[in-house]
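Residue numbers (my numbering): 46 to 245.
For each residue, glycine too, the CB sits at the ideal point set by N, CA and C.
Input: a single structure, listed below in structure tokens.
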């Protein structure tokens, strides 16, 4: 749907300073997540060099890369939401009239908030338990597990914050439900996408 004429490139803030701040936090998370992916690639290359060139043993690299990639995924959640990068099938919204489209958008956003809020709650419990008990990984490296587990409540917390900001933007009219204009229809969108594909 990247060529679709109704796609929204990123969350709108309408000049609202709070929405702008939440958007900034989401963008910072995207930068941090990207840097973590780069770090994971560098560590993997170092591990391959140590094992197959120097014939040495590696202790922490595999486990460290696993934790870094998971943390990058969690911290990337708010950024992907900010960019509207999650999978989006807009067939049903396009088939509905504007009033029902708005009702569906409210239901979807509230369900998303409920699920992400639940993940935030259980992620926090998971992290707090590891912190409280001083849990370690029981591997040769044996790091404290609260450090990598912290990515769960932080990532889902910021994701929930971005979804709440998007919900507020939709309810106040800053953003349209599903990013679709009120006159967008399935037939119009199909024709626009077909024209866009022919132009490419």
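Given this structure, state the Cα-to-Cα distance separating residue i from residue j, to the nearest angstrom.
{"i": "residue 176", "j": "residue 194", "result": "9 Å"}
{"i": "residue 219", "j": "residue 92", "result": "48 Å"}
{"i": "residue 113", "j": "residue 63", "result": "30 Å"}
{"i": "residue 124", "j": "residue 78", "result": "9 Å"}
{"i": "residue 225", "j": "residue 109", "result": "42 Å"}
{"i": "residue 144", "j": "residue 155", "result": "17 Å"}
{"i": "residue 101", "j": "residue 203", "result": "40 Å"}
{"i": "residue 130", "j": "residue 138", "result": "17 Å"}
{"i": "residue 59", "j": "residue 142", "result": "25 Å"}
Apart from the five residues just before and just after residue i, which ones in its own chain have a Cβ nearer than 8 Å to its Cβ?
{"i": "residue 158", "result": "205, 208, 209, 212"}
{"i": "residue 47", "result": "Note on residue 47: pLDDT 41, under 50, position unreliable in the model; the coordinate value appears next. So no residue of the chain qualifies."}
Thinking C-alpha only, which one of the options is nearest residue i?
{"i": "residue 190", "options": "199, 172, 202", "result": "172"}
{"i": "residue 161", "options": "110, 178, 200, 133", "result": "200"}
{"i": "residue 133", "options": "150, 142, 192, 61", "result": "150"}
{"i": "residue 147", "options": "107, 67, 222", "result": "222"}
{"i": "residue 216", "options": "152, 180, 179", "result": "152"}
For a test of the three-state rule: what should DSSP assign to residue i, helix, strand or coil?
{"i": "residue 181", "result": "strand"}
{"i": "residue 47", "result": "Residue placement at residue 47 is flagged as unreliable, the pLDDT there being 41, under the threshold of 50; the coordinate-derived value follows with that caveat. Residue state, collapsed to three classes: coil."}
{"i": "residue 235", "result": "Below a pLDDT of 50, predicted positions are generally treated as unreliable, and residue 235, at 49, falls in that range; the measurement from the model is reported next regardless. Helix at residue 235."}
Within the same chain, show all residues whose beta-carbon is closer than 7 Å to that of residue i, passing over the 5 residues directly before and after it, in chain order.
{"i": "residue 198", "result": "165, 168, 169, 172"}
{"i": "residue 5", "result": "This structure cannot settle anything about residue 5, because the visible part of the chain is limited to 46 through 245."}
{"i": "residue 196", "result": "115, 116, 119, 120"}
{"i": "residue 96", "result": "103"}
{"i": "residue 67", "result": "206, 207, 210"}
Excluding sequence positions up to five away, which residues of its chain have a Cβ less than 6 Å from the Cβ of residue i?
{"i": "residue 71", "result": "123, 124, 127, 207"}
{"i": "residue 89", "result": "110"}
{"i": "residue 85", "result": "110, 113, 114"}
Is there at least one Cβ from chain B nearer than 8 Å to residue i's Cβ?
{"i": "residue 159", "result": "The chain labelled as chain B is not found in the depicted structure, where only one protein chain is given."}
So, residue i versus residue j, is the Cβ gap smaller than 8 Å?
{"i": "residue 188", "j": "residue 104", "result": "no"}
{"i": "residue 81", "j": "residue 116", "result": "yes"}
{"i": "residue 65", "j": "residue 214", "result": "no"}
{"i": "residue 163", "j": "residue 121", "result": "no"}
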